[in-house]
Amino acid sequence: MTTRPAGHVLVEALIAQGVHTAFGVPGESYLAVLDGFYEHRDHIRFVACRQEGGAAFMAEAQGKLSGRPGICFVTRGPGAANAAVGLHTAFQDSTPMILFVGQVASDQRDREAFQEVDYRQMFGPGTLGMAKWVGEVHDADRVPEYVARAFHTALQGRPGPVVLALPEDMLTQATAAPVLPRAVPAQAWPAPGALRELRNMLLASQRPLLIAGGSQWDAEACNALQRFAEGWQLPVACGFRFQDTFDNRHALYAGDVGIGINPKLAARVRQADLIIALGVRLGEMTTGGYTLLQVPRPAQNLVHVHAGAEELGRVFAADLLLQATMGCAAKALETVAAPSSVPWADWAQAAHADYEANHVAPAVEPLDMAVLMKTVQRLAPADTVYTNGAGNFSGWLHRYVRYYGLQHHGRTQLAPTSGAMGYGVPAAVAAAILYPQRTVVNVAGDGDFLMTGQELATATGHGAGCGVGKLISIVVDNGSYGTIRMHQERDFPGRVSGSDLSNPDFVTLAKAYGWLAQRVEATADFEAVFAQALVANRPTLIHVKLDTDVSTTRTTLSALREAARRRAAS
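The C-terminal residue of the sequence shown carries number 607 in the numbering used here, and the numbering is unbroken.
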């Protein structure tokens, strides 16, 4: 094989792994890689973003949508620091991702050269780190080896992010190293004896509940999960921000277990005598701050199925632990023979009825977010991808949009379980670039939007939302960091500091980026504006004004203030 620069070999290795799009912000530390993208421009594209945090969020969204590692390139030092937010999101969300970071030349290492950072120290791998593995390539001949290992590590067990540092001088060295085959993750099946034990636990149960979520799900696994649930008539809830794991329209769907949980579902989790946790990590958000399940020994019988051995028994002492990948686990579970009837049929029916009742909300004037979200779903195509960042505004999206199981249209929910603000806009832009035939709807808060809103320029530059699929961002503007204000009013009523926002004219801002934009201040005006966005030839921003007092889907700031004062007086 002929020799070529290591930077070109790296790009060839990505192509061999099936990568056709990489996101990043260009830097002088990896010019040889950028030249490799030019050399192989017919097979792979480099999407230049406006800030490394946005680029890393786009790569994380790519990993969620494809099930393969999302790819991000950033320069050394400041570039890597900016990208950390996307890396942390990928770690907590169990999303496969690879962050390539330019590094100072080898002969300048350990001198605190310009923008030098030790990335093993910065992103140090571990159960509470930001990466599964951090490596640095010093030999051009080993570039394919490192890239292959990065893909395998990102995909195996509990998926997650990997960091590879690339010394500038190494990337220009000539090498004849051949690229390696496409990485395919190993599949792990649950032990047959464990399935028999699970069946016995089900037969002894009166009030079981299955909580599904996490990564690694595909159409076959979701179909198998549905068949297992139907065979045993199990009520199914989805873990925090994994609502597209199970079809929300199904008669066995019980709702999502996360922030803003339906109080009746929270009570049902506590009342259950058997919890089957399938793919979820059972972290703070899915367990209501570790209260829905008692730590370390839950009151419920607990079966925990997860691909990562390190997750099993990490917090909760379960009655049955099964290490298995989701595709294998779901297919194995559907073979567990169910009896002709189960004693919890009424329990399952009531769980779904509670979910349906949770869709009914009191009217709010002049802008009713519940009506807006229901209007979005009614008008948008069935395969629409919904994205959001962090903030109380996301509660309306999660509560009132019914997500299809991903066996129908692939991933339809992109949301950070890490609670990262600013995720929604870059995730939406990435989805629109990667899947131009699908409509993408982002719902963002005003504080959330302004953290990464400059990526509207990335969308414009790549023609996102200009074809069959549309790109729409709904900015919910309440002039506040709403979640923080909610906590302030609950704990320190009337003592507001740091949570008020002074916002720009979002309509003018969006138009400056080449987007269409309109403002909506009343519920009745929204439907026509959204319908126009669905036929527009450019992406659209819809600026909706929400009263600051409308805090969440269930309460107001004034109600929180009054409740806090009553507590203080009692």
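Glycine included, each C-beta is placed from N, C-alpha and C at the ideal position.
Just so it is clear, the structure is predicted and the values come from calculations on it, not from any experiment.
The alpha helix (DSSP H) that contains residue i, what's its start and end?
i	result
Arg264	Ala256 to Trp269
Asp485	Asp483 to Thr489
Met322	First-last for Met322: undefined, no H or E at that position.
Gln331	Per DSSP, Gln331 belongs to no alpha helix (DSSP H) and is neither H nor E.
Leu416	Met406 to Leu416
Trp433	Ser431 to Tyr437
Gln152	Neither: Gln152 is in no alpha helix (DSSP H) and is coded neither H nor E.
Trp381	No alpha helix (DSSP H) holds Trp381; DSSP gives it neither H nor E.
Ile470	Gly461 to Leu471
Ala496	Leu493 to Gly498
Gly364	Met363 to Leu370
I'd like to know whether the C-beta atoms of residue i and residue j end up nearer to each other than 9 Å.
i	j	result
Val154	Val199	no
Ala407	Trp433	yes
Asn285	Tyr440	yes
Ala601	Arg527	yes
Asn119	Val62	yes
Gly292	Ala388	yes
Ala142	Val174	no
Gln152	Arg113	yes
Ile248	Ile298	no
Thr190	Thr40	no
Val294	Gly316	no
Ala417	Val466	no
Tyr460	Gly426	yes
Leu302	Ala266	no
Leu583	Asn515	yes
Val111	Gly139	yes
Pro453	Gln145	no
Ile511	Ile579	yes
Glu564	Pro403	no
In terms of residues, what are the limits of the beta strand (DSSP E) holding residue i?
i	result
Phe110	Gly107 to Val111
Cys275	Val273 to Gly276
His580	Thr577 to Lys582
Leu357	Leu357 to Gln360
Gly44	Premise fails: Gly44 lies in the alpha helix (DSSP H), Ala43 to Ala53, not in any beta strand (DSSP E).
By DSSP, does residue i sit in helix, in strand, or in coil?
i	result
Asn425	strand
Ile229	Just to set this straight, residue 229 is Pro in the shown sequence, not Ile. Correct three-state label for Pro229: helix.
Asn119	helix
Met167	coil
Lys507	coil
Asp514	strand
Tyr67	helix
Phe137	strand
Asp79	coil
Pro198	strand
Arg179	helix
His343	strand
Thr212	strand
Val544	helix
Val306	helix
Asn237	helix
Thr126	helix
Glu402	coil
In the DSSP output, what is residue i paired with across the bridge?
i	result
Val174	The partner list for Val174 (beta bridge, DSSP) is empty, contrary to what the question assumes.
Asn338	Leu311
Leu247	Val273 and Ile313
Gly61	Ala85 and Phe110
Asn574	Answer by DSSP bridge pairing: none, since Asn574 is not bridged.
Leu695	Limits of the chain in this structure are 38 at one end and 607 at the other, which puts residue 695 out of reach.
Asp147	Paired residues: none, contrary to the question.
Asp293	Cys275
Arg556	His580
Val587	Thr593
Asp537	Ser517
Gln450	Tyr423
Asn479	Thr424 and Ser510
Report the CB separation of residue i from residue j in whole angstroms; it is logged as a contact under 8 Å.
i	j	result
Gly364	Asp255	6 Å
Glu89	Thr132	Rounded, the Cβ-Cβ distance is 17 Å, inconsistent with contact.
His125	Ser455	6 Å
Ala50	Val221	Their Cβ separation, rounded to whole angstroms, is 15 Å, which puts Ala50 and Val221 out of contact at 8 Å.
Ala344	Thr362	5 Å
Ala258	Ala367	4 Å
Phe353	Leu370	Rounded, the Cβ-Cβ distance is 20 Å, inconsistent with contact.
Glu492	Gly100	At roughly 17 Å, the Cβ-Cβ gap does not stay under 8 Å, so Glu492 and Gly100 are not in contact.
Ala398	Thr590	7 Å
Using 8 Å as the cut-off, classify the Cβ of residue i as near or not near the heavy atoms of the ligand FMN, replying yes or no.
i	result
Ala570	Ligands displayed in this structure: none; no statement on the ligand FMN is therefore possible.
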